[in-house]
Structures are given as C-alpha cells and as structure tokens.
DNA sequence: CTCGATGCAAAGGTTTTGCACCAGG
DNA sequence: CCTGGTGCAAAACCTTTGCATCGAG
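Residue numbers (our numbering), protein chains in the order written: chain C, 1 to 143; chain R, 1 to 143.
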C-alpha cells in the first residue's frame, strides 16, 4: 500500500488527515521491508516534512493505523517494537538471540505448523507474527 | 529441579547463598508450571521468608540463574516477562492476542517445523521459546 | 578479612496519558 | 464551529545501575 492508500484509509474512517499523519504515512509507505521503530519513523517523518512531530504523535498514529488494520507492530527482541504494513506481513521473523541477526521467513514455511497448532489447541487462528522466533545463528554457534 | 538443586547450582559456581537467594529459589521451585513475573516472585519470596527483598535483587538473581542456565525468561505479551526453570521449558506458549489466554504446547508439536526453519536459514538451532506464539482463541473469534 | 550480594534510590528506555491549544472538515 | 489531533510535559511501566553497607565463606 502506498502513502495515498494509507491516507485514504484514514479519511474513509472519518479521521483527520494532518501534516504529521501524512508525513508518517509517507515514511511507512517508503520503508518497504525495513524494520522501523518509533524513533526512526519520527526522524524520517520530520526530515521528510520539515515540521516538528512529537514522539507521542508517532505512537498515537501507529495506534490509529493499527486499529484500521493496515499496520502491525512486531517485537524482535528487548528493544523498541518495529512496525510493518499489513500488506507486507507475509513473513515471520527469525532472530538470533546472541547477535540479533534477523531473517525474514516466508509465511508458507510456517503456516502448516501453525494451522496444526490452532487445530489442536482450539484456536481460531495462529499467525505468530507479533513476536519473532528465536534461535542461534550459525556464526554465533561456532564462535 | 527443587530449591536445593538451584541453591547447589549457585554454590558450585562459587556464588554466595544468601537468605534472599534461598527464598527466591524456593519460590521458583514451588511454582511448578506457573507463570511468575518478578513482582510475584518478590511477593512470594518475602512472604515465605519474612525478610525484605528488593525488586532489584529479584532481577539480579534471575540474571544469575539465567547465566547458570537453570532459568529462562519468556515474554508472553506486553507485560512483564515471566520465568521458567530450564527443566520445565519443554513447551512453547500459545497466547490469544485478545484475551491473553495462554496454552502450553508440548515442544514436539513444533520441533519439526523449527528444525526445518533452522536448516533453511542457516541457523544452528531454533527453539523459539523466548517469545510466545500469538493467535486468536476460539472464544475471542466468535464474539 | 575480602569480595560478592543487598537495599535504597535514582536513572534508563519505551510507551502512555493529561491538558491546553490548534486546525481539519 | 466543533471535535479530534497536536505538542509539551509528566507519568507509567518494567528493568538496570551506582553506591555504601552488610555478610557469606
């Protein structure tokens, strides 16, 4: 989804389209596949729009977009959460617990396992994308 | 592992066995399968030992036990981390993102999938137990 | 006696909230 | 206009750290 799509989503829900929100949407739309946290989103949004945007506005806007269903936040480790456009959550995150290296995994490598889990434990669905899957990468294991 | 086992582990590594640590180990050993966070550990440890234990001591002791490899902390959601004795981490956690309901899943339901992931993405190992797996439970889906 | 562990207090890092003002529709 | 969004400041929340003192070995 491009920035205009996000903006249209806001407007269609009766929410106001402000300069800050426009800047944030532009950053999100431009950050294809990147792992942006709130601080980085703010940095880029301020730079791209030349206006001052408070960190709380970033969080509030993320919150709104999440409620619209077009955005999700993901925890890769102990640091700040990163966000993904819903359209781009077609992958899981595999993270090395020692060095933090992150690998994007196509969903279809895990959907079968997750569907089995859902079935066995009476869950309607299991997507598992809110948290990373943790392991140890090759380099960290051999050093 | 019982409380004495934990205490012995400390001593064998040259670490000191104090009243606070004894109380914390007793709580951990007694909390079979429970999801204890630092605050609850403190509450029980103080109650069980009738001494004053600071929250930082809880965290420092968790840290020590984690370094000894007998304990791990796990994130089930946005709240505080919970801890598990290593001997009891034979399961994954499946959590409903709406109501927080948590189901313990035997590891063997996911090991195969995780081994495949490790193989494909050059990870030495994938245990995935540091974070919960998120989904939507039946009740939340139908309401 | 010595060094590790503790309590206390303060800070750190991320996220949330209260409030008065501003601006989109 | 009028309600919702914003910046600012402060708090909330979990966790970590500095420091003087205490106590295990």
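Just so it is clear, CB atoms sit at the ideal spot from N, CA and C, and this is done for glycine as well.
Given the structure is predicted, the values throughout are model-derived calculations rather than measurements.
Residues of the segment 114 to 139 of chain R whose Cβ lies closer than 8 Å to any Cβ of chain C, in chain order: 114, 116, 117, 118, 120, 121, 122, 123, 124, 125, 126, 127, 128, 129, 130, 131, 132, 133, 134, 135, 136, 137, 138. Here the segment 2 to 21 of chain C does not lie against the segment 74 to 83 of chain C, with fewer than 3 beta-carbon pairs under 8 Å apart. Within 8 Å of the CB of residue 94 (chain C), the CB atoms of chain R belong to 117, 121, 123, 126, in sequence order along the chain.
Taking the C-beta atoms as reference points, residue 94 (chain R) is found nearer than 8 Å to residue 105 (chain R).
Each residue's CA atom was taken as its position, placing residue 65 (chain R) and residue 50 (chain C) some 49 Å apart.
For residue 75 (chain C), the chain R residues whose C-beta falls within less than 8 Å of its own C-beta are 75, 131, listed in chain order. A distance of 8 Å or more separates the beta carbons of residue 53 (chain C) and residue 30 (chain C).
DSSP places residue 104 (chain R) within a strand segment (E or B) once states are collapsed to three. Just so you know, the alpha carbons of residue 102 (chain R) and residue 102 (chain C) end up roughly 26 Å apart. Across the segment 83 to 110 of chain C, CB contacts with chain R closer than 8 Å involve 94, 96, 97, 103, 105, 109, 110, in sequence order along the chain. In the three-state reduction of the DSSP assignment, residue 137 (chain C) falls in the strand class. Annotation for residue 68 (chain R): the continuous alpha helix (DSSP H) segment containing it runs 55 to 68. In the same chain as residue 21 (chain C), and ignoring 5 residues on each side of it, the C-beta atoms closer than 7 Å to its own belong to 10, 61, in chain order. Within chain C, the residues 123, 124, 125 have their CB atoms less than 9 Å from the CB of residue 141 (chain R), given in chain order. C:89 is the residue among C:135, C:137, C:89, C:97 whose C-alpha sits nearest the C-alpha of residue 34 (chain C).
Counting only residues of its own chain and dropping the five nearest sequence neighbours on each side, residue 73 (chain R) has a CB closer than 6 Å to the CB of 81, 83. With contacts defined as CB atoms closer than 8 Å, residue 123 (chain R) and residue 135 (chain C) qualify as a contacting pair. Classified as exposed, residue 32 (chain R) has fewer than 16 neighbouring CB atoms from the shown chains inside 10 Å of its CB.
By the CB criterion at 8 Å, residue 28 (chain R) and residue 6 (chain R) fall inside the cutoff. Nearest Cα to residue 140 (chain C) within the set R:126, R:143, R:142, R:139: R:126.
Within the same chain, and ignoring the five residues on either side of residue 70 (chain C) in sequence, the residues whose Cβ sits closer than 7 Å to its Cβ are 1, 6, 9, 85, 86.
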